[in-house]
Amino acid sequence: MNTIFDLSLKAAAREPFLLFWSILMPIGGTLILGFLVGKPDYFIKITTGMMAMGILFYAFTTTVFSLLGQRRRGVYQLLKVTPLPLPRYIMSVSGAWILVSLICALLVLTVGAVCFDIALTIASLVMIAIVCILAAMGYVFLSFFVSGLCKTEAQASIATNLITMPLLLGSEAFYALDAAPGWVKMIVLMNPFQWLLNGLRSGISGNSQDWAVSVAVLVIFLGVALFLAVASLKSS
Amino acid sequence: MNLIEGKKLVKNFNNKQVIQGIDLEIKQGEILALIGPNGVGKSTTIAMLLGILAPDSGSVSYWRDDYKAHIGAQLQSTPFFEGYSAKENLRLFGALYHTNLSDKQIDQKLADCHLEDAGKTPAVKLSIGQQKRLAIGVTTVHHPELVVLDEPTAGLDPRSRHEIKAMIDCLADNNQTVLFSSHDMEEVEKLADRLIFMNHGKIVDQGQPGALIKKNQVKNLEMLYLKLTETN
Chain U
1 MNTIFDLSLK AAAREPFLLF WSILMPIGGT LILGFLVGKP DYFIKITTGM MAMGILFYAF
61 TTTVFSLLGQ RRRGVYQLLK VTPLPLPRYI MSVSGAWILV SLICALLVLT VGAVCFDIAL
121 TIASLVMIAI VCILAAMGYV FLSFFVSGLC KTEAQASIAT NLITMPLLLG SEAFYALDAA
181 PGWVKMIVLM NPFQWLLNGL RSGISGNSQD WAVSVAVLVI FLGVALFLAV ASLKSS
Chain X
1001 MNLIEGKKLV KNFNNKQVIQ GIDLEIKQGE ILALIGPNGV GKSTTIAMLL GILAPDSGSV
1061 SYWRDDYKAH IGAQLQSTPF FEGYSAKENL RLFGALYHTN LSDKQIDQKL ADCHLEDAGK
1121 TPAVKLSIGQ QKRLAIGVTT VHHPELVVLD EPTAGLDPRS RHEIKAMIDC LADNNQTVLF
1181 SSHDMEEVEK LADRLIFMNH GKIVDQGQPG ALIKKNQVKN LEMLYLKLTE TN
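Here the protein sequences come in this chain order: U and X. Numbering follows our numbering, with no gaps: position 111 of the first sequence is 111. Numbering follows our numbering, with no gaps: position 153 of the second sequence is 1153.
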């Protein structure tokens, strides 16, 4: 199991999508937008927004394509003839992807904290890490479900865009939605990506009550995503 | 002793019976060839014997409960893991069979597959012949008692076919049981102890090569193949 985890980690680190979408783009976006806007309250907003975006792009979008590739090449068929139980394989691979997501998010946070002087305590780092792990787990499990719906890379591209774009645009990742109509605010309330942002921001500010609410919502999201992933794997 | 026994196996696809109630067994120590034209159900039969596909009726029994740990299977296209080198694929397949390979063992395995210089090359970028050899390598990382190879030499040039045949011979020398599917009679003649001919989802004849040639009153295996796949 450790071998599968290690090799998955190595393969993930070589993934060019990871480098661009989950490391370079979030770090570049944090720095450019942060310095452009130049307001202290925006520094935390843009840093957490880019962290969350990096997690979403890696733990969901990149893994959808990886999983689709594995399905199409018959990896899951092959696993049926090996003694390794499918859940153990999935746990190992998912574990590596979740760790990569966490590392990407922490890289963006480090750059944001250094460049914009964001104060972080050990407690807030732990709170942020928990939120990142829960969200990454949820997105990875969701990617198992979505990859099961797609037969080609073109379909995967459409599906991932159809999911990530509303999640990103219907959130306060990069702009405030205080002035938005009531129905938009309702959608934002049901957006798991927004709860990832809320969790990150309350983690940085050390607001444990808000953080606990975000964690609870992310756990529910994780449960739903796990259910969908298991259903998808069983049906295939 | 029979390692695997399939009884009255039936498989339907899209309301068409592609496997029509076949019985077959794989005996310990033999090299068994499953022969027939494309589309007669060889791969479906193999998939049912391996448990990849459930038969619509009939049953498959194995010589031991933990049989999966003692079978190595190469499907028609071995799903090498994308982004992984040949070495890493060997290590990963080892892990799938609960076998941790040392660097020395991996190097030896690469040498057995004549891939000493390709260890760091991504497996999906190897030539077809190299991929087929690596496929046998990853299939046998755990020294299985039974090796199942679905058309191991399909689409290969004569040199690559020769290398694959040598690898299968080597498995037999190690007392490993081999089931392989093929429609190359030269390969079958050189390798197999027993033949099963399939046509239209049925077994049309089976036995030792010499006995089958005599029984069917033909000159050689090629004529036997033509006769058995023509008359059904």
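For each residue, glycine too, the CB sits at the ideal point set by N, CA and C.
Query: R1091 (chain X): contacting residues in chain U (beta-carbon distance under 7 Å); Result: T3 and L7
Query: Secondary structure of K1011 (chain X), DSSP reduced to three states; Result: strand
Query: I32 (chain U), buried or exposed, once every other Cβ within 10 Å from all chains shown has been counted against 16; Result: exposed
Query: Helix, strand or coil at N198 (chain U) according to DSSP, with G and I counted as helix; Result: helix
Query: Beta-carbon spacing of P83 (chain U), G54 (chain U) below 8 Å; Result: no
Query: Any beta strand (DSSP E) of 3 or more consecutive residues that is wholly inside the region 1142-1228 of chain X; Result: 1146-1150, 1177-1182, 1194-1199 and 1202-1207
Query: Beta-bridge pairing of A1033 (chain X) - partner residues as DSSP gives them; Result: X:F1180 and X:L1195
Query: Cβ of T61 (chain U) within 8 Å of any chain X Cβ; Result: no
Query: K1296 (chain X) to E1187 (chain X) span [Cα, whole Å]; Result: Since the first residue of chain X shown is 1001 and the last is 1232, residue 1296 (chain X) is not available in this structure.
Query: Minimum C-alpha distance to L1053 (chain X) - residue among X:D1023, X:I1019 and X:M1198; Result: X:I1019
Query: Where K234 (chain U) falls: helix, strand or coil (DSSP); Result: helix
Query: Distance between T63 (chain U) and N198 (chain U) (C-alpha atoms, nearest Å); Result: 24 Å
Query: Anticipated Cβ contact below 8 Å, I1022 (chain X) with T1045 (chain X), distance rounded; Result: 7 Å
Query: Per-residue contacts from E15 (chain U) into chain X (C-beta, under 8 Å); Result: G1083
Query: Distance between V1060 (chain X) and K1007 (chain X) (C-alpha atoms, nearest Å); Result: 6 Å
Query: Distance between I1026 (chain X) and L1260 (chain X) (C-alpha atoms, nearest Å); Result: Any answer about residue 1260 (chain X) is impossible in this case: the structure gives chain X only from 1001 up to 1232.
Query: Closer than 8 Å to chain X by CB, G74 (chain U); Result: yes
Query: K151 (chain U): contacting residues in chain X (beta-carbon distance under 8 Å); Result: What K151 (chain U) touches in chain X: nothing, since even the nearest Cβ is about 16 Å away.
Query: Exposure label - M1167 (chain X); buried when at least 16 CB within 10 Å; Result: buried
Query: Range of the contiguous alpha helix (DSSP H) that encloses E1025 (chain X); Result: Segment K1016 to K1027 is the beta strand (DSSP E) holding E1025 (chain X); no alpha helix (DSSP H) there.
Query: Three-state class that DSSP yields for I1004 (chain X) in the structure shown; Result: strand
Query: Exposure of V243 (chain U), with buried meaning 16 or more beta-carbon neighbours within 10 Å; Result: Nothing in the structure corresponds to residue 243 (chain U), since chain U is present only between 1 and 236.
Query: Proximal residues of chain U, C-beta to C-beta of E1088 (chain X) below 9 Å; Result: L7, K10 and A11
Query: According to DSSP, residues forming a beta bridge with Y1062 (chain X); Result: X:I1004
Query: Delimiting residues of the beta strand (DSSP E) encompassing G1041 (chain X); Result: Element bounds for G1041 (chain X): n/a, residue is neither H nor E.
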